[in-house]
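Chemist:
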Amino acid sequence: MASLLPLLASSSTTVSVTPTSFASFRRPLFLNKSQTSSRLVVLPCKAKHRDHNNPGSNDQDAATSFREGKFDRRDVLFGLGAGGLYGAGAAGFDLNRFALADPIPAPDLSKCGPTTEDKTGLDCCPPKSDIIHKFKLPASPPEVLRIRLAAQNAAKDPEYVAKYREAIKRMKGLPNDDPRNFWNQANVHCAYCEGSHHYTMGGNLKEIQVHSSWLFYPFHRWYLYFYERILADLIQDPTFALPFWNWDAPEGMYMPAIFEDDSVLNPLYDAKRNTRHRVPGTVLDLNYKKNGTDDNTRDDDTIIRENLFTMNKQMLSISSTDWCLFFGDPYRPGCSPCAGNIEHKPHNTVHNWTGTDRKLPPKTGEDMGVFYSAGRDPIFFAHHANVDRMWYLWKKNFKGQDITYTDWLDSAFLFYDEKQRLVHVTVRDSLDTALLGYDYESVDIPWKDHKYKPTPRFPANKTKPQFSFAELCTKFPDTLDSTISVEVARPEEVRNRSDAEKAKQEEVLVIRGIEFPATVPVKFDVYVNDDADSPSGPDKSEFAGSFVHVSHRHDHIIKTKLRLGITQLLRDLGAAKEDSVVVTLVPRNGEGKITIGGFSIELSSCECA
Ligand code: C2O
Numbered sequence: 001m002a003s004l005l006p007l008l009a010s011s012s013t014t015v016s017v018t019p020t021s022f023a024s025f026r027r028p029l030f031l032n033k034s035q036t037s038s039r040l041v042v043l044p045c046k047a048k049h050r051d052h053n054n055p056g057s058n059d060q061d062a063a064t065s066f067r068e069g070k071f072d073r074r075d076v077l078f079g080l081g082a083g084g085l086y087g088a089g090a091a092g093f094d095l096n097r098f099a100l101a102d103p104i105p106a107p108d109l110s111k112c113g114p115t116t117e118d119k120t121g122l123d124c125c126p127p128k129s130d131i132i133h134k135f136k137l138p139a140s141p142p143e144v145l146r147i148r149l150a151a152q153n154a155a156k157d158p159e160y161v162a163k164y165r166e167a168i169k170r171m172k173g174l175p176n177d178d179p180r181n182f183w184n185q186a187n188v189h190c191a192y193c194e195g196s197h198h199y200t201m202g203g204n205l206k207e208i209q210v211h212s213s214w215l216f217y218p219f220h221r222w223y224l225y226f227y228e229r230i231l232a233d234l235i236q237d238p239t240f241a242l243p244f245w246n247w248d249a250p251e252g253m254y255m256p257a258i259f260e261d262d263s264v265l266n267p268l269y270d271a272k273r274n275t276r277h278r279v280p281g282t283v284l285d286l287n288y289k290k291n292g293t294d295d296n297t298r299d300d301d302t303i304i305r306e307n308l309f310t311m312n313k314q315m316l317s318i319s320s321t322d323w324c325l326f327f328g329d330p331y332r333p334g335c336s337p338c339a340g341n342i343e344h345k346p347h348n349t350v351h352n353w354t355g356t357d358r359k360l361p362p363k364t365g366e367d368m369g370v371f372y373s374a375g376r377d378p379i380f381f382a383h384h385a386n387v388d389r390m391w392y393l394w395k396k397n398f399k400g401q402d403i404t405y406t407d408w409l410d411s412a413f414l415f416y417d418e419k420q421r422l423v424h425v426t427v428r429d430s431l432d433t434a435l436l437g438y439d440y441e442s443v444d445i446p447w448k449d450h451k452y453k454p455t456p457r458f459p460a461n462k463t464k465p466q467f468s469f470a471e472l473c474t475k476f477p478d479t480l481d482s483t484i485s486v487e488v489a490r491p492e493e494v495r496n497r498s499d500a501e502k503a504k505q506e507e508v509l510v511i512r513g514i515e516f517p518a519t520v521p522v523k524f525d526v527y528v529n530d531d532a533d534s535p536s537g538p539d540k541s542e543f544a545g546s547f548v549h550v551s552h553r554h555d556h557i558i559k560t561k562l563r564l565g566i567t568q569l570l571r572d573l574g575a576a577k578e579d580s581v582v583v584t585l586v587p588r589n590g591e592g593k594i595t596i597g598g599f600s601i602e603l604s605s606c607e608c609a
C-alpha cells in the first residue's frame with residue numbers, strides 16, 4: 001500500500017498554503033497543516049476501477065492497481081467532462097429501469113468458499129444443508145411479544161441477566177458442526193460481508209456484501225431475529241429477547257455493564273474490546289474521531305450533549321424522510337451503492353469505538369472494529385438491536401417509510417433457525433416487527449427535542465471562495481495530509497424551488513467516487529460554509545455529517561459515495577438562495593488513504609449512478 005502515495009504524488013503539483021480564516025475564502029483549496037496526522041489522497045476527477053461494492057464487479061485487479069497507483073490520466077480527464085461536477089443532476093427516477101432490476105437472490109451455499117483475498121484462508125461458510133425452508137410470516141402478531149429492553153434497564157433484573165448468560169453459555173457449548181453454535185453464528189456475519197457468500201445473477205457468480213447499501217437494515221434485522229430465537233430456544237423461554245444498547249440516550253452512552261461484569265465467568269464478556277473504553281464511566285463518543293486513538297479532551301457532559309445533537313442530525317435532519325439517505329442506496333448490478341447516514345454514524349463509529357485499540361497488536365481492531373470478527377462479541381447484538389430500533393423509530397415516530405421497490409422487497413437471505421433448519425427469508429417479510437414477534441421497550445428519545453437541533457455558528461455569511469471545483473480538478477491527483485475545502489455549485493433547479501418542493505425532495509450534497517482499501521478504517525467529517533481551520537462541532541449546523549468505515553479483513557477496493565441531506569442545513573445557515581457553498585473535508589484518522597472522485601449538489605433521486 002505504501003507505493004500508492006509516492007506514485008500519486010509524483011504525478012502532480014504539491015499545493016501548500018498557510019492556514020486561513022473564514023473571512024478569506026479566496027483560494028482554491030485550504031490546507032490546514034494542523035491536521036498532519038491524517039492523510040487524504042484526493043483525486044477529484046474520477047479514476048476508473050472495477051468496484052467491489054458494485055454487485056457486478058471483479059475487484060481483485062482493482063485492489064492491485066489501486067495499491068500500485070495505476071490511475072489512467074485519460075480516465076481522470078474524461079471523468080471530469082462526463083462525470084458530474086455539478087451535474088449529474090437532478091430530479092426524476094427512471095421508473096422503468098428500477099422496475100426491471102432483479103432482486104438479489106439468497107446465497108448459493110454450494111458456491112460458498114474461503115475468502116479469495118484473504119491469504120490466511122478465512123472461511124466463514126455455514127454447515128451445508130440440502131433442504132431450504134421458506135419462511136412463513138404469520139398473518140397476525142403472536143399474543144406475547146418478546147420485548148427488547150434497554151441494556152441498562154435489563155441489567156437491573158438479575159433473573160434476566162442470568163438467563164441471557166445461560167443462553168450464550170449454552171450456545172458456546174454446542175458442537176462445532178451445529179449451525180446454532182456461537183462461533184458459527186458469528187460467522188454468519190463474516191460470510192455475508194467478507195467474501196464467502198456468492199449468488200448468481202445474469203450467469204455470473206457474484207460476492208454478497210450486506211453493508212453500505214439498502215441491504216443493511218433488513219439483513220441485520222433477520223440476523224438478530226434468528227439469533228434471538230436460538231437463544232430463547234436454548235433456555236426454553238419463548239419470551240427471551242436481546243437487550244438493546246441504548247447509545248442514543250445519556251443513560252446508555254457507556255459500554256453496557258451486563259457485557260462487562262465479571263471477566264471470568266460472564267459469557268457475555270469479550271476480552272477483545274478497547275481497554276480504555278471499557279473503564280466504567282467512560283462515555284461513548286458517537287463522534288469518536290480516530291480508530292484506536294482518542295484525541296478528544298472534551299468533558300463527559302460535552303460529549304453527551306454532542307451525542308444528542310448528532311442523533312438529532314443523523315435521524316432527523318440529514319436523513320429527512322428520503323429513503324436512500326436513511327437506508328442507503330440500491331444494491332444493483334451497475335451501481336456503486338452507499339450507506340445510509342445511520343450506518344455511518346453511529347453504527348460504524350460504535351463498532352470502531354468498541355473494538356480493540358488498532359495501535360495494539362494485531363492492529364486490526366478485533367472483535368467489533370473489523371467485520372469478520374464483529375459477531376464474536378455478544379455486544380454486537382445489543383448494538384444492532386439499537387440500530388434496528390432506529391429503523392423502527394424512524395417509521396413509528398418520524399414518518400419514515402419503507403422502500404417499495406420490488407428488487408429490495410424480494411431480496412433474500414438464508415439463516416439457520418433454532419431447529420437447525422436452513423430458512424429462506426426476504427426483505428419483504430422483515431418490515432413489521434410485531435409480525436416478527438418482538439417490540440422495543442419504550443424509553444425516552446431525548447434527541448428528538450428541539451433543544452438538540454444544531455444551530456448555526458456563523459450568521460448568514462457573505463464571503464465566498466473564488467475557486468471552483470473545476471479548478472480543483474486541475475491540481476490533482478495529489479496527496480493531501482490535511483483538511484480540504486472546495487466550492488460546490490448549486491444548480492438552478494435545486495436552488496429555485498418553493499418550500500413545498502423542498503419539502504418533497506431533499507437537496508443533497510454528494511461526495512462521489514470515494515475509493516480506498518477495505519482494510520483501512522477511513523473516517524472524515526464534512527462541513528458546509530464553516531471555517532476550514534477550526535471547523536465547528538456536532539452542535540453546529542455547519543457540521544453536515546461524517547463518512548465512517550469499519551474495516552474488512554479481506555483486501556479489496558471499496559468504491560462508494562457519501563450523500564448528505566442539506567435542505568435544512570442551508571435554511572439554518574441562511575444560505576438557501578446562495579448559488580454555491582464551501583464544503584470542507586476533515587480527515588479523522590491516521591490511516592485513511594483515499595481518493596475522492598468529485599462533489600456535487602443535486603436533488604435527491606436515490607439513483608445508483
Ligand atoms: Cu454487519 Cu454492525 O455490522
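Going by the UniProt record's numbering, the residue at position 272 of the sequence shown is 272; the numbering climbs one at a time, nothing skipped.
Note that the Cβ used here is the ideal one computed from N, Cα and C, for glycine as well.
Being a predicted model, the structure only gives us computed values, none of them experimental.
(1) Go to glutamate 506, then tell me how far its beta strand (DSSP E) extends in each direction, as first and last residue.
(2) Closer than 8 Å by C-beta to histidine 277: which residues in its own chain qualify, once you throw out the five before and the five after it? Chain order, please.
(3) Using alpha carbons as the reference points, say which of Cys324, Tyr223, Glu441, Val427 lies closest to histidine 384.
(4) Taking the DSSP output, what are the residues bridged to isoleucine 230?
(5) If we call anything under 8 Å between Cβ atoms a contact, is glutamate 207 one with histidine 198?
(6) Could you give the uninterrupted runs of the alpha helix (DSSP H) lying entirely in the region 102-169, keeping only those of 4 residues or more?
(7) Note down the Cα distance separating leucine 436 from threonine 120, rounded to an integer number of angstroms.
(8) Measure from the alpha carbon of aspartate 300 to the alpha carbon of each residue in Tyr269, Met253, Ile318, His344, then state which is nearest.
(9) Helix, strand or coil for arginine 553, going by three-state DSSP, please let me know.
(10) Could you give the DSSP three-state label for aspartate 262: helix, strand or coil?
(11) Given a cut-off of 8 Å on the beta-carbon distance, is the pair arginine 588 and serine 536 in contact?
(12) Run the proximity test for phenylalanine 381: is its beta-carbon closer than 7 Å to any non-hydrogen atom belonging to ligand 1?
(13) How is the alpha helix (DSSP H) around tyrosine 372 delimited, first residue to last?
(14) How far does the alpha helix (DSSP H) with alanine 382 in it reach, from first residue to last?
(15) With distance defined between alpha-carbon atoms, name the residue in Phe309, Tyr288, Leu308, Pro250 nearest to glycine 281.
(16) Spatial neighbours of serine 129 within its chain, please: C-beta separation below 7 Å, excluding the five flanking residues on both sides.
(17) Applying the criterion that 16 or more other CB atoms from any shown protein chain within 10 Å of the CB defines a buried residue, is asparagine 386 buried or exposed?
(18) Does any heavy atom of ligand 1 sit closer than 7 Å to the C-beta of alanine 374?
(19) Do the region 343-363 and the region 490-510 make contact, defined as three or more Cβ pairs closer than 8 Å?
(20) May I ask which residues mark the beginning and end of the beta strand (DSSP E) holding histidine 198?
(21) DSSP state of asparagine 307, grouped into three classes?
(22) Could you give the first and the last residue of the continuous beta strand (DSSP E) run that contains histidine 424?
(23) CB leucine 242 to CB alanine 374, shorter than 8 Å?
(24) Report, in whole angstroms, the separation of the C-beta atoms of asparagine 184 and proline 126, which I expect to be a contact under 8 Å.
(25) Mind checking whether the beta-carbon of glutamate 124 lies closer than 7 Å to any heavy atom of ligand 1?
(26) Excluding the 5 residues preceding and the 5 following aspartate 270 in the sequence, name in chain order all residues of the same chain whose CB lies nearer than 8 Å to its CB.
(27) Less than 7 Å separating the Cβ of cysteine 193 from some heavy atom of ligand 1?
(28) In the DSSP assignment, the alpha helix (DSSP H) including alanine 257 goes from what residue to what residue?
(29) Do you know offhand how far lysine 448's Cα is from proline 107's?
(30) By alpha-carbon positions, which one of Ile558, Ala139, Asp233, Asp118 ends up nearest to isoleucine 168?
(31) Check whether the region 595-604 and the region 485-492 are in contact - that is, three or more C-beta pairs closer than 8 Å.
(32) Mapping the DSSP letters down to three states, classify asparagine 348 as helix, strand or coil.
(33) Within the same chain, show all residues whose beta-carbon is closer than 6 Å to that of glutamate 166, passing over the 5 residues directly before and after it, in chain order.
(34) Please look up how many angstroms separate the CB atoms of alanine 544 and isoleucine 514, rounded, as I've assumed it's under 8 Å.
(35) Given leucine 174, which residues of its chain have a CB within under 6 Å of its CB, disregarding the five upstream and five downstream residues?
(36) Around the Cβ of glycine 203, are there at least 16 other Cβ atoms within 10 angstroms (buried) or fewer (exposed)?
Modeler: Taking the definition as stated:
(1) Segment: none, glutamate 506 is in no beta strand (DSSP E) and carries neither H nor E.
(2) Met255, Leu284, Trp353, Thr354
(3) Tyr223
(4) Paired residue(s): none; isoleucine 230 is not in a bridge.
(5) yes
(6) Correct list: 151-154.
(7) Using only the alpha carbons, I get a separation of about 38 Å.
(8) Nearest of Tyr269, Met253, Ile318, His344 to aspartate 300, Cα basis: Met253.
(9) coil
(10) coil
(11) no
(12) Phenylalanine 381 Cβ: outside cutoff for every heavy atom of ligand 1.
(13) 371-374
(14) 379-397
(15) Pro250
(16) Spatial neighbours of serine 129 in its own chain (CB-CB distance under 7 Å, excluding positions within 5 residues in sequence) are listed in chain order as Leu422.
(17) buried
(18) Here the distance from the Cβ of alanine 374 to the nearest heavy atom of ligand 1 is below 7 Å.
(19) no
(20) First-last of the beta strand (DSSP E) with histidine 198: 198-201.
(21) Helix.
(22) 422-426
(23) no
(24) 6 Å
(25) Inspection of the sequence shows that residue 124 is occupied by cysteine rather than by glutamate. In this structure, ligand 1 has no non-hydrogen atom nearer than 7 Å to the beta-carbon of cysteine 124.
(26) Phe259, Asp367, Arg376, Asp377, Pro378, Ile379
(27) yes
(28) Neither: alanine 257 is in no alpha helix (DSSP H) and is coded neither H nor E.
(29) 39 Å
(30) Asp233
(31) yes
(32) helix
(33) Ile235
(34) With a beta-carbon spacing of about 15 Å, alanine 544 and isoleucine 514 fall beyond the 8 Å limit used to define contacts.
(35) Arg180, Asn181
(36) exposed
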